[in-house]
Every structure is written in C-alpha cells, then in structure tokens.
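Numbering (numbering that gives the first Met the number 0), first residue to last: 0 to 289.
Written below as structure tokens is the structure these notes are about.
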Amino acid sequence: MKRILPNKTILNSLSCPICSGNFSLKGVELERGSISLLCDGVRKHCYDLSSSGYVNFMPPGHSDGGDSKAAVRARTEFLNTDLYRPCADALTEMLAKHLAPNDGLVLDAGCGEGYYTELLARKGFSCLGFDLSRAAVDAASKRMARADHDNGFFCVGSVFELPVAENSCAAIVNIFAPCAENEFLRALRSRGILLVAYAGPEHLMGLKRAIYNTTKENDGRADLPKQMKQIDELRVRYSISVKTEAQIQNLFAMTPYYWRTSPTDAEKLRGLNELDTEVDMIFSVYRKDE
Ligand SMILES: C[S@@+](CC[C@H](N)C(=O)[O-])C[C@H]1O[C@@H](n2cnc3c(N)ncnc32)[C@H](O)[C@@H]1O
Ligand SMILES: [Zn+2]
0 MKRILPNKTI LNSLSCPICS GNFSLKGVEL ERGSISLLCD GVRKHCYDLS
50 SSGYVNFMPP GHSDGGDSKA AVRARTEFLN TDLYRPCADA LTEMLAKHLA
100 PNDGLVLDAG CGEGYYTELL ARKGFSCLGF DLSRAAVDAA SKRMARADHD
150 NGFFCVGSVF ELPVAENSCA AIVNIFAPCA ENEFLRALRS RGILLVAYAG
200 PEHLMGLKRA IYNTTKENDG RADLPKQMKQ IDELRVRYSI SVKTEAQIQN
250 LFAMTPYYWR TSPTDAEKLR GLNELDTEVD MIFSVYRKDE
C-alpha cells in the first residue's frame, strides 16, 4: 500500500512542537525507506513517518491515550456500513457552503479512524487529522492510502496542543471529540471556520431504549465554543436499522454508554440481531473574528 505524504498546504501549516520551526520532508525519494519531517530550527528536530505514513508528535515515553485498538476497530466496522453517511455528507456540504475546497487547510481535531476526514479529502479539501490514539491515526492513514488521495495526512497529537502554526487553518472540524476552543482560535486564520458535530436530543434513542428501563433526551454539549460567533447550524435526523449483533455491539462500543452501563443492562443487547434507532446529529458552525 502506498504511504501517504503531506502535500504543500499541509506541510506549510505544521510547526515543530519543540521549537516552532517549519518542516520539510527528508528522504522522500526513497520509496519504502525512511521518510521524516525535519524542522529548520537550530537543533533540526526530526520526526519519522510510520510505515502507514503518520507522524507521532507526542513526547517519547508518553503513554498512548485516546481510543483503544478495540474501540477503533469497532468504530471502523460500524462506520464502514455507511449508516452515518447522510451525516458525513451533511458535514461535507456544510463545510463546502462556508469554504471552497482549494482555499486552505482543514484540520480534523480528534479525527478518530478517519472516516469523515477521508470523505472531506474526497471532496477536495486538504485535510490534516489529529488524534491522541495511535491506533486511530494508524487506521486513518491506512484508510486515506487505500482511497489514494494525496490531500490527507494524520498525526498523533492532542487537540489541546496542536503542532500547527498560528493562523494556519482555514477550518477546523471537531466531530464527537473534545473541543479546545482556545487552541482552535490560535490555529485558525482570521475569519476561519469551526464546525462542531455533536449528538442531538434523540441521537441513538433506540439503542438507549434497548438497554435502559427509562431514557431521557440527550443534553447539549457542555464544551461548545463560548468566544466564537455561531453563524450556521444544521440538524440531521433519520432512522437506521442495524442488522447484526456484531454491528449493534460496534455501535454500542462507540458511545459513552459503553463505559457507563452496568453488566446487567449491557447483557440486554446480547442475542439481539436487529436494532432500529434514531440518528440525530447537530452541526454548528462558528467563525473566528477578524
Ligand atoms: C468519539 S471519538 C470520534 C472520532 C471521530 N471524530 C469520529 O466521529 O469518527 C473521539 C476521538 O477523540 C480522540 N481524543 C480524545 N481526547 C483527545 C485529545 N485530547 N486530543 C486528540 N484526540 C482526542 C479519541 O482518541 C477518539 O478517537
Ligand atoms: Zn524543531
């Protein structure tokens, strides 16, 4: 499988997490050999690309955070059913409404295994995905390489400390991942766009009804931006039918309920071969001031 490399737009926005220097690619001519990002600071910091093409910007010895390998596998298997494709299409169209695909970098903050990032790259946006989970970023890189795009790249890093230059991003998408408003404001260019996706009141009600005796609507997100101006919003609602026990388990594993549910309640999903549930996602768009 071909290894993905950062295009010019992506490379120019990355900045060395140690000295804030600019990066260039080193060893790019070696098809299967080592390729690194080399900074132009005095100490010439060097970050090797993995075999699937991502860069790990976390300090050495930092224990792996974010989603586990099993959680990433469950998410990948569920998203590959395309049951969330109407949400992904709505996200892509919403972004395209506010930004032309060739007009700068789109950063996917908390990109997971790259389902949405790949669809944004397919639409022509230059995409840089960040996630704390190495397993997620590895899966995202492989997804992007399989799709054969040259406008997507992934890094292991925290959304609270993004190794990108100030004012370098045209847009940031933040889908069901922690929202780091201050860091996003630093990274966004003037009048840059932040698109936050989160669960609407009815999201996965059918799944909740299958588990719990009493259910209530989802609350809104507590960490929505407070300093930026909201300029647009879209709510996407439809029903899905999840057809196998394995995919029901995958969907369950993607939710916060997976960790909060008692073994007795979780057991109620065992042997269930079909689950009808609502999908309800909200896409809120914010703009950075001049
Ligand atoms: C619910 S998943 C959503 C993934 C992806 N956006 C999607 O919708 O498919 C949340 C993701 O946020 C990542 N995450 C959690 N804390 C993070 C942080 N501080 N910085 C970057 N990623 C983080 C997790 O590893 C996980 O992949
Ligand atoms: Zn450096």
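Note that beta-carbon positions come from the ideal geometry of N, C-alpha and C, so glycine has one too.
Does the distance from the C-beta atom of residue i to that of residue j stay below 8 angstroms?
i	j	result
residue 74	residue 253	yes
residue 81	residue 111	no
residue 116	residue 151	yes
residue 158	residue 194	no
residue 170	residue 118	no
residue 3	residue 144	yes
residue 284	residue 86	no
residue 282	residue 233	yes
residue 293	residue 188	What the structure shows of the chain is the stretch from 0 to 289, and residue 293 is not part of that stretch, so it cannot be assessed.
residue 138	residue 109	no
residue 78	residue 106	no
residue 274	residue 248	no
residue 60	residue 38	no
residue 216	residue 185	no
residue 121	residue 146	yes
residue 104	residue 260	no
residue 192	residue 286	yes
Does the Cβ of residue i lie closer than 7 angstroms to at least one heavy atom of ligand 1?
i	result
residue 132	yes
residue 158	yes
residue 65	yes
residue 42	no
residue 151	no
residue 111	yes
residue 135	yes
residue 74	yes
residue 174	yes
residue 223	no
residue 291	This structure cannot speak to residue 291, because the chain is shown only from 0 to 289.
residue 129	yes
residue 177	yes
residue 78	yes
residue 115	yes
To the nearest whole angstrom, what separates the beta carbons of residue i and residue j, a pair I think is in contact under 8 angstroms?
i	j	result
residue 167	residue 6	So it is not a contact: roughly 14 angstroms between Cβ atoms.
residue 134	residue 33	Not a contact, Cβ separation roughly 22 angstroms.
residue 136	residue 46	That belief does not hold up - the Cβ atoms of residue 136 and residue 46 are roughly 13 angstroms apart, past 8 angstroms.
residue 58	residue 162	Rounded, the Cβ-Cβ distance is 11 angstroms, inconsistent with contact.
residue 0	residue 96	The Cβ separation is near 34 angstroms, so there is no contact.
Would the beta-carbon of residue i be found less than 7 angstroms away from any heavy atom of ligand 3?
i	result
residue 165	The model depicted lacks ligand 3 and carries ligand 1 and ligand 2 instead.
- Is it a yes or a no for the segment 238 to 255 touching the segment 199 to 218, going by three-plus beta-carbon pairs under 8 angstroms? yes
- Check each residue's C-beta against every heavy atom of ligand 2 and list, in chain order, those closer than 5 angstroms. 15, 17, 18, 20, 38, 40, 44
- Query: Counting pairs of beta carbons, one from the segment 210 to 217 and one from the segment 36 to 43, are three or more of them closer than 8 angstroms?
  - Reply: no
- Message: Does the contact criterion of 3 or more C-beta pairs under 8 angstroms hold for the segment 92 to 100 versus the segment 2 to 19?
- Response: no
- Pair every Cβ in the segment 221 to 233 with every Cβ in the segment 259 to 266, then say whether three or more of these pairs are closer than 8 angstroms. no
- Task: Mind the definition here: the segment 139 to 154 touches the segment 177 to 189 only if three or more C-beta pairs lie below 8 angstroms; say whether that holds.
- Result: no
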